[in-house]
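Peer 1: First the structure, which I've put down as structure tokens, then a few questions once you've had a look.
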Amino acid sequence: MEQNKEPIQPQVIQQFSKYLESNALRLTSERRNILEQVFAYDDHFRADDLLMRMRQNGYTASRATIYRTLPLLVKSGLLTEVIDAQKQSHYEHIHSRQEHAHLICLRCSSIIEFESPEIDALQEEVCETHRFKPVKYRNEILGYCVECQKDGI
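Counting from 1 along the sequence shown, just add 18 to a position and that's the residue number in my numbering.
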């Protein structure tokens, strides 16, 4: 997982602050540190990956604080959660990212991202046909990656 060298954008902090305020919560220094470290990821990560990275970077956030903050970031619209075949949560930040879908390996839990304008168009068409107002699309295909297929799966 590569680290993003750019500082966190002010609108990201503002979006999270507004969400927290609307739920009678504060943007504590621990939550802000977690937010900054989350946006240092360019790829999917698990809560324990984040905890390890924070400790390596000299932060003292507890596992409990991370596990409580990640769902807040999801609800605020800054993170998306992908659950792998072993029911483990993986996260990725969604600020300024293109809509994409995931291929999730049932054996090794690898996550492969892909974009498909055809799938996007079909989703929009289905919503239009049913006069349904979408808020979020979530596309995941479960199966076996090429490496696991080589092992006889």
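Ideal Cβ positions, reconstructed from N, Cα and C, are used throughout, including at glycine.
Please read all numbers here as calculations on a predicted model, not as lab measurements.
Classify residue 110: buried if its beta carbon has 16 or more other beta carbons within 10 angstroms, exposed otherwise.
Peer 2: Burial call: buried.
Peer 1: How long is the line joining the alpha carbons of residue 147 and residue 73, rounded to whole angstroms?
Peer 2: Roughly 50 Å separates the two Cα atoms.
Peer 1: Out of 149, 155, 158, 92, state which residue places its alpha-carbon closest to the alpha-carbon of residue 37.
Peer 2: Taking only the C-alpha atoms, the option nearest residue 37 is 92.
Peer 1: Could you check the C-alpha separation between residue 176 and residue 129 for me, to the nearest Å?
Peer 2: Here the chain comprises residues numbered 19 to 171, so residue 176 is not present and cannot be evaluated.
Peer 1: Could you spell out the range, first to last residue, of the alpha helix (DSSP H) harbouring residue 35?
Peer 2: Element bounds for residue 35: 28 to 40.
Peer 1: Can you check whether the CB of residue 124 is closer than 8 Å to the CB of residue 103?
Peer 2: Contact flag set, yes.
Peer 1: Is residue 96 closer than 8 Å to residue 33 when the C-beta atoms are compared?
Peer 2: Contact: yes.
Peer 1: Run the proximity test for residue 162: is its beta-carbon closer than 7 Å to any non-hydrogen atom belonging to the ligand ZN?
Peer 2: You won't find the ligand ZN in this model; it holds no ligand whatsoever.
Peer 1: Express the C-alpha separation of residue 60 and residue 27 in angstroms, rounding to a whole number.
Peer 2: The straight-line gap from Cα to Cα measures roughly 15 Å.
Peer 1: Kindly identify the DSSP beta-bridge partner or partners of residue 108.
Peer 2: 100, per the DSSP bridge assignment.
Peer 1: Looking at C-alpha atoms only, which residue of 120, 112, 70 is the closest neighbour of residue 137?
Peer 2: Selected option, being the one with the closest Cα: 120.
Peer 1: What separation, rounded to the nearest whole angstrom, lies between the Cα atoms of residue 67 and residue 107?
Peer 2: C-alpha separation (whole angstroms): 11 Å.
Peer 1: How many Å lie between residue 122 and residue 105 at the Cα?
Peer 2: Cα to Cα, residue 122 sits roughly 11 Å from residue 105.
Peer 1: Pull up the DSSP beta-bridge partners for residue 68, would you.
Peer 2: In the DSSP output, where bridge partners are listed per residue, residue 68 has none listed.
Peer 1: Since residue 55 and residue 41 are thought to touch, with beta carbons under 8 Å apart, how far apart are those beta carbons, to the nearest angstrom?
Peer 2: Between residue 41 and residue 55 the Cβ distance is about 22 Å, and since that is not below 8 Å, they are no contact.
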